[in-house]
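Have a look at the structure below before the remarks.
Residue numbers (this note's numbering): 704 to 1033.
See below:
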């Protein structure tokens, strides 16, 4: 029997042949990878070009993903389909016309904020959440039109709820966890998750230690019990995995994520002065070969095979299929 789909809703690894091979060893059919944190349009184009070179270098391991059908092609040829996204709207700068351009280049997800206030919405680290801005409302319309998914993983509560209500297509939180399980600043409260899922959106569970209960010491059982409870509360059809795996990245990269160009001071984000770098991953998920552990864990907490398959990749596949193309009538 053909194995169930495995799709990861978010990674930002220090990409290499080793990691591409681990993707194949782990049976990962598709991943959404971040290619922009604070980069402007030109810098983001160079990141697209960098990936083009990897596709040329490793054609037996990876391929560019644009549509859900590319996941089928990847499975048939034993490769991993790579889909692109931004964790910040910085690639469109202050120009709504660039929304369609980045979609044409291959972007399929764009966060409206990365922790801070942006031209579009409020980030989860701001003291006051003023919601979706005038430009943000127009950009959401344009993203809906072309098929660029609104991602609110790093956005504040009001902004996320407003985005879910304003968007005419389902939105996503690609990588986070429920706040009532682990009260990290970036994890999501009940009303936020409900707003996203009730409008057909997706919620991807993160294994990044700062978002886990007990952080690096989090157990697989606790993680999977949390997923099962979330499925009971909001519906299993809205859930997926978004590991936020940052494998092999140097600590200078987490500093870039947190600081970008917006400050000259050190910002520790969810870390601290005594532990400023990347936290160690939990023992049950250290790299892409460990997706089977999550599958087994979900079975062990009582989820049936259909539910496990949905969370591990089936739901993301459906979401990709329904939301990456132009809006009907556009």
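The C-beta atom is built at its ideal place from N, Cα and C for all residues, glycine as well. Note that the coordinates shown come from a computational prediction; the quantities given were computed from them, not determined experimentally.
Check your understanding: Under the three-state reduction of DSSP, which class applies to residue 995: helix, strand or coil?
Key -> Looking at residue 995 - three-state DSSP - the assignment turns out to be helix.
Check your understanding: Is DSSP giving residue 723 helix, strand or coil here?
Key -> Taken through DSSP and simplified to helix, strand or coil, residue 723 comes out as helix.
Exercise for review: Identify, in the order they occur along the chain, each residue of the same chain with its Cβ nearer than 7 Å to the Cβ of residue 733, setting aside the five sequence neighbours on each side.
Suggested key: Counting only residues of its own chain and dropping the five nearest sequence neighbours on each side, residue 733 has a CB closer than 7 Å to the CB of 710, 768, 774, 777, 783, 784 and 786.
Practice item. My understanding is that residue 1024 touches residue 771, with C-beta atoms under 8 Å, so please give their C-beta distance in whole angstroms. Key: About 4 Å separates the two Cβ atoms, so the contact holds.
Review point. Excluding the five sequence neighbours on either side, which residues of its own chain have a C-beta within less than 8 Å of the C-beta of residue 954, listed in chain order?
Key: Excluding sequence positions up to five before and after residue 954, its CB lies within less than 8 Å of the CB of 979, 980 and 981, all in the same chain and listed in chain order.
Check your understanding: Helix or strand or just coil, what does DSSP make of residue 772?
Key -> Residue 772 sits in a helix when the DSSP states are folded into three classes.
Practice item. From the DSSP output, read off the bridge partner residues of residue 881. Key: 891.
Check your understanding: What whole-angstrom Cβ distance do residue 904 and residue 874 have, given they're in contact under 8 Å?
Key -> With 8 Å as the limit, residue 904 and residue 874 qualify as a contact, their Cβ atoms being about 5 Å apart.
**Study point:** residue 951 versus 991, 927, 1018 and 937, residue with shortest Cα-Cα distance
**Key:** Considering only alpha carbons, the answer is 991.
Exercise for review: Excluding the 5 residues preceding and the 5 following residue 797 in the sequence, name in chain order all residues of the same chain whose CB lies nearer than 7 Å to its CB.
Suggested key: Around residue 797: 822.
**Study point:** Buried versus exposed, by CB contacts within 10 Å (16 or more), residue 743
**Key:** By the neighbour-count rule (16 or more Cβ atoms within 10 Å), residue 743 is not buried but exposed.
Point to revise | residue 811, DSSP secondary structure in three states | key: Residue state, collapsed to three classes: strand.
Point to revise | Host beta strand (DSSP E) of residue 838 (start-end) | key: Where residue 838 is concerned, there is no enclosing beta strand (DSSP E), although the alpha helix (DSSP H) it sits in stretches over 837-849.
Practice item. Can you say whether residue 721 is buried or exposed, counting buried as having 16 or more other CB atoms within 10 angstroms of its CB? Key: Residue 721 is exposed by the Cβ-count criterion.
Point to revise | Environment of residue 760 [buried if 16+ CB atoms lie within 10 Å] | key: With fewer than 16 Cβ atoms within 10 Å of its Cβ, residue 760 is classed as exposed.
**Study point:** Per DSSP, the bridge partner or partners of residue 875
**Key:** For residue 875, which the question treats as bridged, DSSP gives the partners 854 and 905.
**Study point:** Three-pair Cβ contact test at 8 Å for the stretch 891-899 versus the stretch 911-927
**Key:** Judged by Cβ distances under 8 Å, the stretch 891-899 makes no contact with the stretch 911-927, as fewer than three pairs qualify.
Review point. Assuming residue 827 and residue 859 make a contact with CB atoms under 8 Å, what is their CB distance in whole Å?
Key: Indeed they touch by this definition, with Cβ atoms about 5 Å apart.
**Study point:** Nearest-angstrom Cα separation, counted from residue 908 out to residue 975
**Key:** The C-alpha of residue 975 lies about 23 Å from the C-alpha of residue 908.
Check your understanding: How long is the line joining the alpha carbons of residue 911 and residue 946, rounded to whole angstroms?
Key -> Residue 911 and residue 946: Cα-Cα distance of roughly 7 Å.
Exercise for review: Can you give me the start and stop residues for the alpha helix (DSSP H) that residue 934 sits inside?
Suggested key: First-last of the alpha helix (DSSP H) with residue 934: 923-937.
**Study point:** Where residue 804 falls: helix, strand or coil (DSSP)
**Key:** Residue 804: helix per DSSP, three-state reduction.
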